[in-house]
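Quick note, the sequences are listed as chains H and B, same order. Quick note on numbering: the first sequence equals residues 419 to 550 in the working numbering. Quick note on numbering: the second sequence equals residues 173 to 510 in the working numbering. Every residue gets a Cβ at the ideal spot worked out from N, C-alpha and C, and that includes glycine. In this text, all values refer to a predicted model and were calculated from it rather than measured experimentally.
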Amino acid sequence: MGVPVIIVDDDAAVLFLHEVMVRESNFADDIKSFSRAEPALTYLEAYDSECVIFLDINMPGMSGWDFLKRLDDSDLNDDIYVIVVSSSLNSLDRKIAKNYKHVVDFVEKPLNVDVCERLKKQNSLKHLFAGG
Amino acid sequence: MKRDERSIRVLLIEDNPGDALLVEEYLEEYILRPDLKHVERFQKAKPLITDGNENYDIILLDLTLPDISKEQLIENIKHLAVEYPVVILTGYSDLEFAVKSLSMGVSDYLVKDTISSLVLYKSVLYSIERHRFIRSLRESEKRYMDLFQLSPAPMWVYDPETNAILDVNEAAINHYGYSKEEFLGMTQSALCVKDSNEDAAEKIEALGSASDRTIQSHRKKNGTIINVEIINNYIYFKACKRVIVLATDVTEKLAHLEAIELQNKQLREIAWMQSHVVRAPVSRLMGIIDLMKTGELDMAEKEQMLDFIFSSAEELDEIIRDISAKSEEAFSDLNKEK
Chain H
419 MGVPVIIVDD
429 DAAVLFLHEV
439 MVRESNFADD
449 IKSFSRAEPA
459 LTYLEAYDSE
469 CVIFLDINMP
479 GMSGWDFLKR
489 LDDSDLNDDI
499 YVIVVSSSLN
509 SLDRKIAKNY
519 KHVVDFVEKP
529 LNVDVCERLK
539 KQNSLKHLFA
549 GG
Chain B
173 MKRDERSIRV
183 LLIEDNPGDA
193 LLVEEYLEEY
203 ILRPDLKHVE
213 RFQKAKPLIT
223 DGNENYDIIL
233 LDLTLPDISK
243 EQLIENIKHL
253 AVEYPVVILT
263 GYSDLEFAVK
273 SLSMGVSDYL
283 VKDTISSLVL
293 YKSVLYSIER
303 HRFIRSLRES
313 EKRYMDLFQL
323 SPAPMWVYDP
333 ETNAILDVNE
343 AAINHYGYSK
353 EEFLGMTQSA
363 LCVKDSNEDA
373 AEKIEALGSA
383 SDRTIQSHRK
393 KNGTIINVEI
403 INNYIYFKAC
413 KRVIVLATDV
423 TEKLAHLEAI
433 ELQNKQLREI
443 AWMQSHVVRA
453 PVSRLMGIID
463 LMKTGELDMA
473 EKEQMLDFIF
483 SSAEELDEII
493 RDISAKSEEA
503 FSDLNKEK
């Protein structure tokens with residue numbers, strides 16, 4: 419059901435929560451979680467096909483912005499959709515996120531079932547759920 | 173012919189009554205109302221001139237008077253000529269001396285045997301007008317000197333060729349601590365420790381100053397280094413090209429700017445913490461509560477959630493303490509500055 423999902427967040431509790439929400443909302447069954455951006459990128463480079471990424475911004479080491487920049491610079495599949503999930507209330511972050519081509523949405527933490535349901539109907543993503 | 177209708181006040185200092193009469197008659201030919209005061213001795217004329225009560229448009233002065241030598245007369249003329257136009261009356265024998273007197277500020281000389289009414293009239297008018305003109309020039313020069321000397325902002329003048337400081341005003345002496353003599357023995361380059369402080373200039377410019385100013389670092393006599401905003405202008409002083417400098421001390425302004433910048437940085441950090449760091453455990457707590465409400469957690473998972481809640485609360489506590497410390501720091505720094 420749904421599309422493969424990758425969740426990247428350095429906070430173990432958030433990672434657990436997001437997994438639950440994504441699953442409960444029937445957004446996806448196939449979920450890969452990463453607590454660091456580097457291994458997530460390595461995995462993605464090898465995987466290179468249609469998927470949705472829930473990406474945190476403030477992480478030690480490679481930040482969410484660094485991750486997005488690397489993604490834009492690479493020639494990876496266009497069907498990789500990134501949803502930035504940040505605890506930040508700073509409106510500037512929302513504007514910055516729009517500048518990356520893979521980013522389709524920006525949501526505030528915590529992710530819950532309602533947000534996931536809304537994302538399924540989002541313009542850039544709804545085609546992924548058309549069959550379901 | 174039509175006579176000049178202006179009233180012209182003339183002081184004639186002449187010991188020869190015949191010459192005096194002649195002068196009076198000549199004057200009346202062209203001037204309707206010559207207001208003539210005649211004295212025969214220089215000592216008699218002196219109080220009239222220095223008193224200030226009497227006011228004359230012109231002084232006609234015989235060069236050979238019985239109560240004063242020519243040399244002494246010249247000394248007196250120097251002062252006299254500042255206040256009044258002076259026309260010398262002389263015979264052929266003293267012609268050379270009369271010519272020399274022109275350099276003392278005398279307006280004109282007339283050789284007695286050649287005086288005619290027209291020549292006298294022309295000399296009187298010409299001398300009065302020229303003196304008036306010179307006087308207004310001198311006043312304007314003084315006004316400009318006052319602008320320089322009495323300016324509340326430190327100013328000085330230097331020679332762009334040698335960098336030698338040629339003149340300095342009171343405000344500069346007071347502000348820098350060097351005496352006038354010390355200033356005049358210095359060069360512009362000795363005063364200036366650092367030619368241009370780009371960093372400071374940018375900050376000042378951001379406050380809305382024009383961009384033709386530079387910021388230099390100067391050393392005061394007591395060794396303190398100050399930052400000054402410099403405006404240079406070229407002036408022609410006694411026909412030489414000079415640089416006039418206006419220096420405004422911006423040391424305090426810059427220090428204040430730096431303090432404000434530091435505080436801004438700290439406030440930005442606090443704002444960043446509010447929006448990123450505080451929000452993280454809060455959003456986690458919200459998520460956990462949401463999850464617990466919807467149920468379907470087994471005992472082990474519930475235990476884990478409680479652990480998450482506890483660690484989130486601890487994290488929040490730590491962050492709030494950190495923010496509070498940072499805020500205190502930001503405000504105490506600014507108070508120190510005051």
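*Report the residues of the stretch 444-463 of chain B with a CB closer than 7 Å to any CB of chain H, ordered along the chain.*
Ser447, His448, Arg451, Ala452, Ser455, Arg456, Met458, Gly459, Ile460, Asp462 and Leu463
Can you tell me whether Asn341/B is buried or exposed, with buried defined as 16 or more other CB within 10 angstroms of its CB?
-> In the second sequence, counting from the first residue as 1, residue 341/B sits at position 169. With 16 or more other Cβ atoms within 10 Å, it is buried.
I'd like the span of the beta strand (DSSP E) that includes Ile416/B, first residue to last.
As a first step, residue 416/B must be located in the second sequence, where it is residue number 244. Element bounds for Ile416/B: Cys412 to Asp421.
_Does the CB of Phe480/B have a neighbour CB from chain H at under 7 Å?_
The residue given as residue 480/B occupies position 308 in the second sequence. Chain H, which has a Cβ nearer than 7 Å to the Cβ of Phe480/B, makes this yes.
Next on the checklist: Alpha carbons only, please: which of Ala485/B, Asn188/B, Ala336/B and Leu463/B is nearest the one belonging to Val234/B?
Outcome noted: Against the second sequence, residue 234/B aligns to sequence position 62. Reading the sequence as shown, one finds Asp at residue 234/B and not Val. Ranking the options by Cα distance to Asp234/B, first place goes to Asn188/B.
So with Cβ pairs under 7 Å, would you call Ala458/H a contact of chain B?
Residue 458/H sits at position 40 when you count from the first residue of the first sequence. Ala458/H does not count as touching chain B.
Whose CA, out of Asp266/B, Ile337/B and Asp479/B, lies closest to the CA of Lys284/B?
Taking the second sequence and counting its residues from 1, the one referred to as residue 284/B is at position 112. Ranking the options by Cα distance to Lys284/B, first place goes to Asp266/B.
I'd like the span of the beta strand (DSSP E) that includes Lys450/H, first residue to last. Position 32 of the first sequence, counted from the start, is the residue given in the question as residue 450/H. Residues Ile449 to Phe452.
If you run the structure through DSSP and keep just helix, strand and coil, what is Gly550/H? Counting from one through the first sequence, the residue named residue 550/H turns up at place 132. Low confidence applies to Gly550/H: its pLDDT is 47, below 50, so where it sits in the model is not reliable, and the reading given next is rough at best. In the structure shown, Gly550/H sits in coil (DSSP, three-state: anything other than H, G, I, E or B).
| Residues that Leu252/B bridges to, as DSSP identifies them | For the purposes of this step, residue 252/B is taken as residue 80 along the second sequence, with counting starting at 1. The partner list for Leu252/B (beta bridge, DSSP) is empty, contrary to what the question assumes.
Counting only Cβ-Cβ distances shorter than 9 Å, please list the residues of the stretch 433-452 of chain H near chain B, keeping chain order.
Phe434, Leu435, His436, Val438, Met439 and Glu442
Exercise. Leu529/H versus chain B: which residues are under 8 Å apart at the beta carbon?
Worked result: The count along the first sequence starts at 1 and reaches residue 529/H at position 111. Going along chain B in sequence order, the residues near Leu529/H (Cβ under 8 Å) are Gly459.
Whole-Å CB distance - Ala455/H paired with Gly420/H, under 8 Å assumed: Here residue 455/H refers to the residue found at position 37 of the first sequence. Here residue 420/H refers to the residue found at position 2 of the first sequence. Rounded, the Cβ-Cβ distance is 23 Å, inconsistent with contact.
### Task
Could you pull the start and end residues of the beta strand (DSSP E) that Thr386/B belongs to?
Your numbering for residue 386/B matches position 214 in the second sequence. Segment Thr386 to Arg391, the beta strand (DSSP E) holding Thr386/B.
key: Among Ser467/H, Asp532/H and Phe485/H, the one whose alpha carbon lies nearest that of Ile475/H   = Taking the first sequence and counting its residues from 1, the one referred to as residue 475/H is at position 57. Closest option to Ile475/H, Cα to Cα, is Phe485/H.
Provide the residue span of the beta strand (DSSP E) that contains Glu177/B, from first to last.
As a working note, residue 177/B is residue 5 in the second sequence. Here the beta strand (DSSP E) through Glu177/B covers Asp176 to Ile185.
Residues bridged to Ala472/H (per DSSP):
Your numbering for residue 472/H matches position 54 in the first sequence. Per the sequence shown, residue 472/H should be read as Phe rather than Ala. DSSP lists Ile425/H and Ile501/H as partners of Phe472/H.
Original post:
Taking the C-alpha atoms as reference points, what is the distance between Ser509/H and Met358/B?
Top reply: For the purposes of this step, residue 509/H is taken as residue 91 along the first sequence, with counting starting at 1. For the purposes of this step, residue 358/B is taken as residue 186 along the second sequence, with counting starting at 1. So the two alpha carbons sit approximately 58 Å from each other.
| query | Just the Cα atoms here: how many angstroms apart are Leu433/H and Ser389/B? | reply | Position 15 of the first sequence holds residue 433/H. Position 217 of the second sequence holds residue 389/B. One C-alpha to the other measures close to 57 Å.
Determine, using beta-carbon pairs with one atom in the stretch 489-506 of chain H and one in the stretch 520-539 of chain H, whether at least three such pairs fall under 8 Å.
yes
With a threshold of 7 Å between beta carbons, is Leu507/H in contact with chain B? To locate residue 507/H, count along the first sequence from 1; it is residue 89. Chain B, which has a Cβ nearer than 7 Å to the Cβ of Leu507/H, makes this yes.
Requested in this report: Would you mind telling me which residues of chain B sit closer than 8 Å to Asp429/H, beta carbon to beta carbon, in chain order?
Outcome: Locating residue 429/H in the first sequence gives position 11, where the first residue counts as 1. Near Asp429/H (Cβ distances below 8 Å), the residues of chain B are Ala452 and Arg456.
Determine the closest residue to Leu204/B out of Lys218/B, Ser179/B, Glu441/B and Ser275/B, with distance taken between C-alpha atoms.
Mapped onto the second sequence, residue 204/B falls at position 32. It is Ser179/B whose Cα lies nearest to the Cα of Leu204/B.
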